[in-house]
Amino acid sequence: MAGSARFAQKVVVVLGGNSGIGRAAALAFAEERAQVVVTGRNPATLDEVAALLGDRGRCVRSDISDLAATAALMADIAAREGRIDVLFVNAGTGAFRTVEQVDEAFYDSIMQVNLKGPYFAVKYAAPLLAEGAAVVLTSSMGHCKGIVGNSVYAASKAGLRALARNFGVEFVGRGIRVNCFSPGPIDTPLITRGEMSAEEIAGFRRMIEAASPMGRFGSADEAAQAVLFLASDQSSYITGIDLLVDGGAVSF
Numbered sequence: 002m003a004g005s006a007r008f009a010q011k012v013v014v015v016l017g018g019n020s021g022i023g024r025a026a027a028l029a030f031a032e033e034r035a036q037v038v039v040t041g042r043n044p045a046t047l048d049e050v051a052a053l054l055g056d057r058g059r060c061v062r063s064d065i066s067d068l069a070a071t072a073a074l075m076a077d078i079a080a081r082e083g084r085i086d087v088l089f090v091n092a093g094t095g096a097f098r099t100v101e102q103v104d105e106a107f108y109d110s111i112m113q114v115n116l117k118g119p120y121f122a123v124k125y126a127a128p129l130l131a132e133g134a135a136v137v138l139t140s141s142m143g144h145c146k147g148i149v150g151n152s153v154y155a156a157s158k159a160g161l162r163a164l165a166r167n168f169g170v171e172f173v174g175r176g177i178r179v180n181c182f183s184p185g186p187i188d189t190p191l192i193t194r195g196e197m198s199a200e201e202i203a204g205f206r207r208m209i210e211a212a213s214p215m216g217r218f219g220s221a222d223e224a225a226q227a228v229l230f231l232a233s234d235q236s237s238y239i240t241g242i243d244l245l246v247d248g249g250a251v252s253f
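Just add 1 to the spot in the sequence shown (first one is 1) and you have the working numbering.
So this is what it looks like as structure tokens:
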């Protein structure tokens, strides 16, 4: 929404904002005059985002799976920004493994990043959330459909959808809204970060495009605009929902 200032004088925290949807959302928030704090694990991509933000924000290296680091991050935000008006919990990971291939270490690694980390991020951020604040959790359309090899990832993302409902009820008395955002096939670096080979990635892309009513992947910018809607006053009567941004894939 070029020229808009929906987030003027707002403090926006994007956990997992150094690539993909998180990066697109962080830059879009800044374009709409927010002061943005971005986290991520990769110092190189964080430096790129910091350069693009300029004086509109700052980047902090922080791993959402490290609960002590998240607590320290929130203490730092309390000292420097003083409050949070929008919390976008976007950090996540994923990989395909069939039930036979899943071991305890794999299960724990996915749950730590995708569910436990976000849970405690909201917990530690809660005292900083201003009245009327918005929280957006990134889930996935993966929790809506059965996909071979997707059981652990889907369970972790279904957990986030449940958190949106429950946090929404817990925080509504403070005027805080909590919603879930479930992207479908979005063209981000996450596609190439798993355990698939280049050939498998190419086949996966063809499969997704064939299964999508729109016949294509969505862009990170398209997904980011849905996040900004949920974070803005334009969705002031919306809490506890799961907003699918999937090109109709779940309905296919």
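Glycine included, C-beta positions come from ideal geometry on N, C-alpha and C.
Note that the coordinates shown come from a computational prediction; the quantities given were computed from them, not determined experimentally.
A232 sits away from A122, with the two beta carbons spaced by 8 Å or more. Closest in C-alpha terms to S5, from the list G21, L16, I22, E33, comes E33. Across the set I85, V100, T139, Q102, the C-alpha of T139 shows the shortest separation from the C-alpha of A92. A distance of 8 Å or more separates the beta carbons of M215 and G174.
Per DSSP, the beta bridge partners of Q36 are V12. For A212, the enclosing alpha helix (DSSP H) starts and ends at 199-212.
Short of 6 Å from the beta carbon of I242, and not among the five residues preceding or following it, lie these beta carbons of its own chain, in chain order: N180. Contact between S63 and M112 fails: their C-beta atoms lie close to 19 Å from each other, not under 8 Å. Positions of the alpha helix (DSSP H) runs, each at least 4 residues long and wholly inside the segment 86-122, are given as 105-112 in order along the chain.
Note on Y238: under 16 other CB atoms within 10 angstroms of its CB, so exposed under the neighbour-count rule.
Rounded to whole angstroms, the gap between the alpha carbons of V251 and G185 is 8 Å.
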